[in-house]
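Undergrad: My structure is below; once you've seen it, I'll send some questions.
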Amino acid sequence: MLFVRCKECGAKLSASRCFEFKLAVNNLPDEELLSYGHRACSGCGAIIAVRLALKASGRDVIVVQPTGCMEVVTTPYPETSWKVPYIHVAFENAGAVASGVWRALKVLGKKTKVLVIGGDGGTVDIGLQALSGALERGENITYICYDNEAYMNTGVQRSGATPFGAVTTTSPAGKLSFGEDRPKKDMPHIVASHNVPYVATASVGYPMDYVEKVKKALSVEGPSYIHVLTPCPTGWGFDSSKSIELGKLAVDTGMWILYEIENGVEKINYIPTKRKPVVEYLKAQRRFRHLSDDIISKIQEEVDRVWERILKST
Amino acid sequence: MVLESYLNFFKKMVYSDVNKTGGWRTFKPIYDHDRCIKCGTCWLVCPEGCVVRREGFFQPNYDYCKGCGICANECPANAIEMVLEEK
Amino acid sequence: MRDIVEGSRAVAEAVKLCRAKVISAYPITPQTHIVEYLAEFVANGELDAEFVRVESEHSALSVCVGASATGVRTFTATSSQGLALMFEVLFIASGLRLPIVMVNANRALSAPISIWNDQSDSTAVRDCGWIQVYVETNQEALDSVIQAYKVAEKVLLPFMVCMDGFVLTHTYEPVDIPDQRLVDDYLPEYDPPIKLDPENPVTIGPIADPNYYMEFKLVQDEAMNEAKRVLKDEDEKFGEIFGRRYGLIEEYGTDDADVVLVTMGSLAGTIKDVVDRMREKGKNVGLVRVRLYRPFPKDEIVRALKDFEVIGVIEKDNCFGFGGGALFHDVRSALYGKSNAKVIGFVAGLGGRDIPYWDIEKAYEMCYEARVKEVPDVVWIGVRDWFRR
Chain H
30 MLFVRCKECG
40 AKLSASRCFE
50 FKLAVNNLPD
60 EELLSYGHRA
70 CSGCGAIIAV
80 RLALKASGRD
90 VIVVQPTGCM
100 EVVTTPYPET
110 SWKVPYIHVA
120 FENAGAVASG
130 VWRALKVLGK
140 KTKVLVIGGD
150 GGTVDIGLQA
160 LSGALERGEN
170 ITYICYDNEA
180 YMNTGVQRSG
190 ATPFGAVTTT
200 SPAGKLSFGE
210 DRPKKDMPHI
220 VASHNVPYVA
230 TASVGYPMDY
240 VEKVKKALSV
250 EGPSYIHVLT
260 PCPTGWGFDS
270 SKSIELGKLA
280 VDTGMWILYE
290 IENGVEKINY
300 IPTKRKPVVE
310 YLKAQRRFRH
320 LSDDIISKIQ
330 EEVDRVWERI
340 LKST
Chain Y
56 MVLESYLNFF
66 KKMVYSDVNK
76 TGGWRTFKPI
86 YDHDRCIKCG
96 TCWLVCPEGC
106 VVRREGFFQP
116 NYDYCKGCGI
126 CANECPANAI
136 EMVLEEK
Chain E
222 MRDIVEGSRA
232 VAEAVKLCRA
242 KVISAYPITP
252 QTHIVEYLAE
262 FVANGELDAE
272 FVRVESEHSA
282 LSVCVGASAT
292 GVRTFTATSS
302 QGLALMFEVL
312 FIASGLRLPI
322 VMVNANRALS
332 APISIWNDQS
342 DSTAVRDCGW
352 IQVYVETNQE
362 ALDSVIQAYK
372 VAEKVLLPFM
382 VCMDGFVLTH
392 TYEPVDIPDQ
402 RLVDDYLPEY
412 DPPIKLDPEN
422 PVTIGPIADP
432 NYYMEFKLVQ
442 DEAMNEAKRV
452 LKDEDEKFGE
462 IFGRRYGLIE
472 EYGTDDADVV
482 LVTMGSLAGT
492 IKDVVDRMRE
502 KGKNVGLVRV
512 RLYRPFPKDE
522 IVRALKDFEV
532 IGVIEKDNCF
542 GFGGGALFHD
552 VRSALYGKSN
562 AKVIGFVAGL
572 GGRDIPYWDI
582 EKAYEMCYEA
592 RVKEVPDVVW
602 IGVRDWFRR
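Structure follows, in structure tokens:
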């Protein structure tokens with residue numbers, strides 16, 4: 030059971046008041062394998078994803094990380110926030126480095142898990158080849174892509190994961206442009222087409238769902254992949270207190286779909302009974318605030334279209 | 056000797072808790088323990104992992120709390136208030 | 222055991238003897254046979270290793286980095302474009318102090334694309350922090366791979382064994398394949414002081430700001446310098462156990478030579494023949510073969526060359542924008558202030574252009590001329606003029 034369904038109030042997801050949710054949270058280990066004192070922005074969504082991933086993995090893990098926000102904020106020599114073994118090599122080769130780590134563990138007869146935690150830039154763009162190779166070879170690694178939808182560490186430049194209409198420094202809004210004019214690369218399906226046992230999407234707005242998915246991914250033999258939405262207050266332009274709220278809103282408006290693909294079979298985890306209008310999500314972020322009603326309608330239409338297809342097939 | 060220097064690079068590494076990020080704050084979360092329903096949400100979502108959880112009692116570690124306000128925003132019992140910190 | 226094998230096979234046998242545990246490589250002519258033999262050994266159970274069929278050379282070396290950091294012995298091989306593609310990872314492997322061993326089958330760099338032998342690929346990365354050795358024969362390639370692991374694991378630096386593509390990789394020569402027990406004695410199991418292990422968590426590859434970065438590089442530099450002494454010692458120990466030693470440089474007919482050529486790799490073999498021929502005709506010529514190229518054996522080069530009037534450095538690469546090859550510049554630089562020798566740079570054999578004995582004789586002749594008159598600093602040998610018409 031992935032979502033905590035409150036029997037009392039009937040709320041579908043992470044109803045914070047409900048007993049089962051409380052139980053699930055209290056069952057997570059106390060130990061912080063990611064030390065505080067790191068340099069993540071106040072309210073950073075991605076660091077929540079990292080911290081929770083380690084709650085799911087426990088100590089017997091080796092973390093491989095490509096260059097990015099998380100790497101830079103957690104390893105400024107001589108400080109490190111990692112209380113588990115960790116290696117950073119370069120920007121585009123996390124998939125390959127992780128393969129090497131796993132093969133070595135195999136040689137040594139160890140069962141330690143290999144966990145890659147990489148940003149959208151280092152995964153869907155420059156890191157795509159190495160990841161694709163690792164997936165195709167069936168390496169026993171778990172790859173978590175924390176998606177803040179741009180190259181945040183270098184100053185908010187667009188990536189292949191930047192959504193339609195978003196403003197970034199390389200897709201600015203101006204007289205001739207409204208921002209990012211290309212749709213988001215559908216990374217989870219690209220991964221799934223490599224015949225891997227487990228692919229899932231998640232959002233830090235639904236943290237327990239994410240944690241359960243990470244646990245599942247780690248338990249799978251072979252490559253597993255989780256694509257988690259991690260709102261970025263600095264890059265998206267919203268108050269630092271809203272990171273979780275926006276992560277939830279993305280799902281509740283239907284703009285971010287929570288699903289799993291297990292051995293090629295896709296299952297939507299959550300179908301909102303009444304999707305909130307996308308304008309609620311868009312207007313809450315400075316990166317979308319400039320959008321004309323025209324473009325917002327286009328976005329709403331596209332979301333509606335996608336969900337119509339989903340509802341038809343279920 | 057050369058190997059020693061290389062090993063020293065590792066010996067000199069310290070955990071990031073030497074960096075007291077509490078100094079970053081403008082607002083400080085104040086926890087009302089009477090209103091708290093002990094759901095654990097604040098502990099779960101804190102980006103710093105600095106909410107201390109002990110026997111159903113939750114309290115932020117102010118040495119590291121950056122004052123992001125996520126715990127206050129997410130608390131279902133409205134038991135956390137962000138207060139401007141006087142320095 | 223003696224056998225007649227192509228250079229690729231000799232190298233594969235050495236990797237097998239060294240019990241490499243993770244092998245990861247991407248095919249590129251003329252390295253392909255090396256990895257094909259290794260794949261066969263693994264498939265037959267002759268070599269107990271993980272063979273990772275990566276999707277690019279950049280990933281090939283990255284896999285080795287991950288595996289080596291986890292504490293196992295690794296191997297990769299490449300050439301030319303492949304070496305160029307793994308460029309950034311070369312620096313990282315050295316900076317992370319991982320004793321990865323690579324065989325580079327020397328091949329010309331594009332463009333134009335060429336699959337044939339020259340030394341431009343590995344000389345282009347001479348400053349990346351890898352120990353570099355250039356071998357003359359298949360036997361030396363085999364032996365150097367074994368020495369490479371020993372030295373690399375002692376100084377914690379990656380080691381590149383460079384062998385001429387096709388000329389050595391695809392040419393059959395008699396070799397002695399050492400006994401496994403002797404190799405096991407010479408090369409103990411790899412046990413690094415730092416590795417990725419949940420029992421002892423470490424952070425590898427941090428970001429180092431200007432307050433720290435430079436010292437990492439200083440220590441890396443010291444380790445490189447240390448590698449010279451270590452290779453010398455290990456080569457001697459190798460000689461005692463296996464009966465073959467190579468030294469850092471090799472001198473052939475230099476005792477009473479008038480002029481001398483300096484080179485790296487299999488070309489030395491041809492030059493040795495020319496030396497013999499010319500000496501029969503009364504011309505006292507000599508050869509110095511540089512085996513250890515990085516770290517550069519400055520002292521040995523100075524001792525061997527300083528008293529010559531004219532030195533010709535003949536190599537298969539060119540430094541565009543300055544003229545003359547990498548070895549030429551290094552020899553000149555090493556001799557600076559220590560010798561009055563005139564050093565001439567000969568660029569030959571680019572893109573696999575054959576270097577026949579008469580071109581080498583020409584080079585020697587030019588060296589003789591240089592004793593009495595002005596000759597250019599840099600001379601390209603064996604060029605034809607088909608393009609000028």
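Residue numbers (our numbering), protein chains in the order written: chain H, 30 to 343; chain Y, 56 to 142; chain E, 222 to 610.
Glycine is no exception: its CB is placed at the ideal position from the N, C-alpha and C atoms.
I'd like to know if E:V263 contacts chain H, where contact means its C-beta is closer than 8 Å to some C-beta of that chain.
TA: no
Undergrad: Within the chosen definition, does the stretch 62-70 of chain Y reach the stretch 107-122 of chain Y through at least 3 CB pairs nearer than 8 Å?
TA: no
Undergrad: Do H:R68 and H:P105 have their CB atoms nearer than 8 Å?
TA: yes
Undergrad: Let's see if you can read the secondary structure: which residues bound the beta strand (DSSP E) around Y:P84?
TA: Residues F82 to Y86.
Undergrad: Is it buried or exposed for E:V236, if we count other Cβ within 10 angstroms and need 16 for buried?
TA: buried
Undergrad: Could you say which of H:G72, H:T343 and H:S342 lies nearest to H:D268 if we only look at CA atoms?
TA: Distance check between H:D268 and each of H:G72, H:T343 and H:S342 places H:G72 closest, using alpha-carbon atoms only.
Undergrad: Just to make sure I have the definition right: I need the residues of chain Y whose C-beta is within less than 8 Å of the C-beta of H:T109. Which are they?
TA: M68, V69, Y70 and S71
Undergrad: In the stretch 264-275 of chain E, which residues sit with their C-beta less than 7 Å from some C-beta in chain H, listed in chain order?
TA: E271, V273, R274 and V275
Undergrad: Quick one: which chain H residues come within Cβ less than 9 Å of Y:G124?
TA: S71, G72, D268, S269, S270 and K271
Undergrad: Using a Cβ-Cβ cut-off of less than 8 Å, list which residues of the stretch 414-425 of chain E approach chain Y; keep chain order.
TA: P414, I415, V423 and T424
Undergrad: Figure out for me which residue from E:M499, E:F549 and E:D479 has the closest Cα to the Cα of E:V593.
TA: Between E:V593 and the set E:M499, E:F549 and E:D479, the nearest pair of CA atoms involves E:D479.
Undergrad: What residues of chain Y sit near E:F312, judged by a beta carbon separation below 8 Å?
TA: Result: empty, since nearest Cβ-Cβ is about 17 Å, beyond 8 Å.
Undergrad: According to DSSP, E:F567 sits in a beta bridge with which residue or residues?
TA: E:I535 and E:V600
Undergrad: Should the stretch 390-403 of chain E be called in touch with the stretch 75-89 of chain H, which here means at least 3 C-beta pairs below 8 Å?
TA: no
Undergrad: Among the candidates H:H117, H:C98 and H:K112, whose CA atom is the shortest distance from the CA of H:I76?
TA: H:C98
Undergrad: Rounded to whole angstroms, what's the CA-CA distance from H:S206 to H:A195? Just pull it up for me.
TA: 11 Å
Undergrad: Can the beta-carbon of H:V113 be found closer than 8 Å to that of E:V286?
TA: no
Undergrad: Whole-angstrom Cβ separation of H:T141 and H:D89, contact assumed at under 8 Å?
TA: Yes, H:T141 and H:D89 are in contact; Cβ-Cβ is about 5 Å, under 8 Å.
Undergrad: Under a Cβ-count criterion, where at least 16 other Cβ atoms within 10 Å of its own Cβ denotes burial, should E:M307 be classed as buried or exposed?
TA: buried
Undergrad: Once DSSP output is grouped into helix, strand and coil, what is the label at H:E37?
TA: The pLDDT assigned to H:E37 is 44, lower than 50, so where the model puts this residue is not dependable; a value taken from the coordinates is nonetheless given after this. Reduced to three states, the DSSP call for H:E37 is coil.
Undergrad: Does E:W337 come out as helix, strand or coil in the three-state DSSP assignment?
TA: coil
Undergrad: Does the beta-carbon of H:V335 have 16 or more other beta-carbons within 10 angstroms, so that it is buried, or is it exposed?
TA: Exposed.
Undergrad: Does Y:G104 have its Cβ less than 8 Å from a Cβ in chain H?
TA: yes
Undergrad: Return the residue from the list E:V256, E:G303, E:D430 and E:V293 that minimises the CA-CA distance to H:G138.
TA: E:V293
Undergrad: Is E:E309 close to chain H, meaning its C-beta is less than 8 Å from at least one C-beta of that chain?
TA: yes
Undergrad: Do Y:C130 and Y:E103 have their C-beta atoms within less than 8 Å of each other?
TA: no
Undergrad: My guess is that E:F262 and E:N338 are in contact by the Cβ rule of under 8 Å, so how many angstroms apart are they, rounded?
TA: Their Cβ separation, rounded to whole angstroms, is 25 Å, which puts E:F262 and E:N338 out of contact at 8 Å.
Undergrad: In the stretch 84-103 of chain Y, which residues sit with their C-beta less than 9 Å from some C-beta in chain H, listed in chain order?
TA: I92, K93, C94, G95, T96, W98, L99, V100, C101, P102 and E103
Undergrad: Taking 8 Å as the threshold (beta carbon to beta carbon), is E:D538 in contact with chain H?
TA: no
Undergrad: Would you grab the beta carbon distance between H:L278 and H:G234 for me? Rounded to a whole angstrom, and I think it's under 8 Å.
TA: 7 Å between Cβ atoms; contact.
Undergrad: To be precise: take each residue of the stretch 282-296 of chain E, compare its Cβ to all Cβ atoms of chain Y, and keep it if any distance is under 9 Å. Which residues remain?
TA: none
Undergrad: Kindly say whether H:Y175, judged by its beta-carbon, lies nearer than 8 Å to any beta-carbon of chain Y.
TA: no
Undergrad: Check the C-beta distance from E:I425 over to E:L417 and give it rounded, since I have them as a contact under 8 Å.
TA: 7 Å
Undergrad: Taking all protein chains shown into account, decide if H:A190 is buried (16 or more other Cβ within 10 angstroms of its Cβ) or exposed.
TA: buried
Undergrad: Drop a sphere of 10 angstroms on the beta-carbon of E:Y514, count the other beta-carbons inside from all chains shown, and report buried for 16 or more, exposed for fewer.
TA: The residue in question, E:Y514, is buried, as its Cβ has 16 or more Cβ neighbours within 10 Å.
Undergrad: Just the chain H side, please: which residues come within less than 8 Å of Y:N74 by C-beta, in chain order?
TA: G66, H67, R68 and E108
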